[in-house]
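Chemist: Just passing along the structure, written as structure tokens.
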Amino acid sequence: MDFDDNYIRRRSYVSRRQKQRRRQRNLSIFLIILVIIAILSACIYFFIIKKQGEYFIDPVVSSQESLPKPSDPESIHLATEPASESDEHPLLAKAKALADGYDYDGAIELLRSDAAYADDPVIKEAIAAYEETKSTLVRIDPTEVTHVFFHTLIMDNAKAFDGDHDSDGYNQVMTTKSEFLKILEQMYERGYVLVKMHDLAYETIDENGKPKFVTGDILLPPDKKAFVMSQDDVCYYEYMEGDGFATRMIVGEDGKPTCEMILDDGSVSVGSYDLVPLLEDFIAEHPDFSYKGARAVIAFTGYQGILGYRTDPEYKDSNPNYEEDCQTAREVAQCLRDNGWELASHSWGHINMTDRDLASVKTDADKWEARVESLIGETDIILYPFGADIGDWRLYNTENEKFNYLYNLGFRYFCNVDGSPHWVQIGDTFMRQGRRNLDGYRMYYDLPETNPEKTYLDDLFDVSTVFDPDRPTPVPKM
Ligand SMILES: [Zn+2]
């Protein structure tokens, strides 16, 4: 090989190596660019995700930042367009419920309670409207408040008035479901509003540290009238079985008191089979029928247990569910209290307290305390059986030993039966009220065709349209 050959060979060798190096360098640059593009893409990608994250990852931040403030009037009008104001404003709905029950102070206080709504024109408007209604309210005179009462309501007229030995009694002292519902409707139309006895008058402590009864301040619109309602003997006595009445009271699935009734096929049906659930239904539909959540006074004797449960100790051997029934009765009584019902004594043995001597009044009151009050909790109301009072029309005083005994057991509200529109007596240490029976006897002898001069019930309802045509007439005299 000569030089030229070698040179050529060397040249070609060098040139191959240079080409190889160039290719390698180009490849490296290409890879670096790729890596840079990848890094840049990643940066852009994460940047976008992070920006989105401010809106999607933290819902608390997002809702606070993106939703309109409640005090922004524009947003409220937009938001409330399709639904009613109260649907959109939980405060307004709650305030309306309070105002429906004549608690305007409560409604106004509630609306003012949340600073977030302070400048909301809708809330301001509602407050102004409640203030205006409040300025028209009139204080009712507690001594002019009527008190009506019922017994267990007849659900099935055919069974109650079937001509057996109980029929006459039911016809005299009971009220049918249809009559009761018509009475509610007509009293509501006439502006009657249910109030609690404890709101008419109540015990306070005077400046000398002594208990003293004072009249309550019930304020109602000028076209409304207060009244008290009670129901006696809510025990579902044994003799009533199969005669068309509820069989017992229970706590309903909605937490409200309701009733059970045994149907013809022997099955147990749950429903509004007596005064308590029927009145609950009526008030749910007409909340302005009840002042500040008032319900009726429910009174119990004890000799056959309460509320349809055979809870008296006399039943310990005969009632296989004795303990369980006592517990259920306690729960139903508590449910009544929780829903605004007031509970009362009707004596243990349904005794005539006018005729009985002091010793038997004491024995009966002790039994009631031990056997009924132990289930239903303390009560200060007594509704005299037969309306038989422990005194005459004059104020009770401490020379009346029956009064002393009942007073020391904790009773402060004492109710007899009286036909006049209202009979209320507020003493230093007690309140007394006369009650009006709205039963078959009272209504039949107040019908214009029976007795044109009698107008005992005219202030409450039109007896001609209420009196149940299913009743056998004449209703026997008592
Ligand atoms: Zn009774």
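Residue numbers (this note's numbering): -19 to 458. Cβ atoms here follow ideal geometry from the backbone N, Cα and C, with glycine treated the same way.
1) How far does the beta strand (DSSP E) with Leu363 in it reach, from first residue to last?
2) Would you mind working out which of Met209, Ile134 and Asp245 sits nearest Tyr172, comparing C-alpha positions?
3) The alpha helix (DSSP H) that contains Gly235, what's its start and end?
4) Nearer than 7 Å: is that true of the beta carbon of Met186 relative to any heavy atom of ligand 1?
5) If we ignore side chains and look at the alpha-carbon of each, how far apart do Phe225 and Asp450 end up?
6) The beta strand (DSSP E) that contains Asn396, what's its start and end?
7) Would you say His330 touches ligand 1, meaning its beta carbon is less than 7 Å from a heavy atom?
8) Quick one: grab the DSSP three-state call for Phe441.
9) Please work out which residues of its chain come closer than 6 Å, Cβ to Cβ, to Ile128, disregarding the five sequence neighbours upstream and downstream, and give them in chain order.
10) Give me, in chain order, the residues of the same chain whose beta-carbon lies closer than 8 Å to that of Asp80; leave out the 5 immediate sequence neighbours on both sides.
11) Check whether the Cβ of Asp398 lies closer than 7 Å to any heavy atom of ligand 1, and answer yes or no.
12) Specify the secondary structure class of Lys162 as computed by DSSP and reduced to three states.
13) Measuring straight from C-alpha to C-alpha, what distance separates Ile29 and Gly86?
14) Flag Asp344 as yes when its Cβ comes closer than 7 Å to any non-hydrogen atom of ligand 1, and as no otherwise.
15) Closest to Thr126 by CA distance: which of Asp244, Ala106, Leu161 and Met167 is it?
16) Would you say Asp335 touches ligand 1, meaning its beta carbon is less than 7 Å from a heavy atom?
17) What do you get for Pro257, buried or exposed, if any count of 16 or more other CB atoms within 10 angstroms of its CB means buried?
18) Might you give, ordered along the chain, the residues of its own chain that have their beta carbon closer than 8 Å to the beta carbon of Leu338, omitting 5 neighbours on each side?
19) In chain order, what residues of the same chain lie with their CB nearer than 6 Å to the CB of Glu45, ignoring the 5 residues before and after it?
20) Is the CB-CB distance between Ile103 and Leu117 below 8 Å?
21) Tell me which residue opens and which closes the beta strand (DSSP E) that Phe447 is part of.
22) The alpha helix (DSSP H) with Glu183 in it runs from where to where?
23) With a threshold of 7 Å (Cβ to nearest heavy atom), would His326 be considered close to ligand 1?
24) How many angstroms separate the CA atom of Thr445 from the CA atom of Ile286?
25) Report the residue from Asp335, Phe410, Met229 and Ser325 whose alpha carbon sits nearest the alpha carbon of Cys315.
Modeler: For this structure:
1) Ile361 to Leu363
2) Shortest Cα-Cα distance from Tyr172 to any of Met209, Ile134 and Asp245 involves Met209.
3) Premise fails: Gly235 is in no alpha helix (DSSP H) and is neither H nor E.
4) Just to set this straight, residue 186 is Asp in the shown sequence, not Met. No, the beta carbon of Asp186 sits no closer than 7 Å to any heavy atom of ligand 1.
5) 16 Å
6) Here the beta strand (DSSP E) through Asn396 covers Tyr393 to Val397.
7) Yes; taking the cut-off as 7 Å, the Cβ of His330 has a heavy atom of ligand 1 nearer than that.
8) coil
9) Note on identity: in this sequence residue 128 is Val, with Ile being the wrong assignment. Once the five neighbours on either side are set aside, the close Cβ partners of Val128 are Met209, Arg416 and Leu418.
10) Pro267 and Asp268
11) No.
12) Judged by DSSP in its simplified three-state form, Lys162 adopts helix.
13) Low per-residue confidence applies at Ile29: pLDDT is 41, beneath 50, and the placement is therefore not dependable, though the value from the model is reported in the following sentence. Answer to the nearest angstrom: the Cα atoms are 50 Å apart.
14) no
15) Met167
16) no
17) buried
18) Closer than 8 Å at the Cβ level, and outside the excluded window around Leu338, lie Glu381, Lys382 and Tyr385.
19) Residue placement at Glu45 is flagged as unreliable, the pLDDT there being 32, under the threshold of 50; the coordinate-derived value follows with that caveat. Same-chain partners within the cutoff: there are none.
20) no
21) DSSP places Phe447 outside any beta strand (DSSP E), giving it a letter other than H or E.
22) Per DSSP, Glu183 belongs to no alpha helix (DSSP H); it is in the beta strand (DSSP E), Ala181 to Ile185.
23) yes
24) 33 Å
25) Met229
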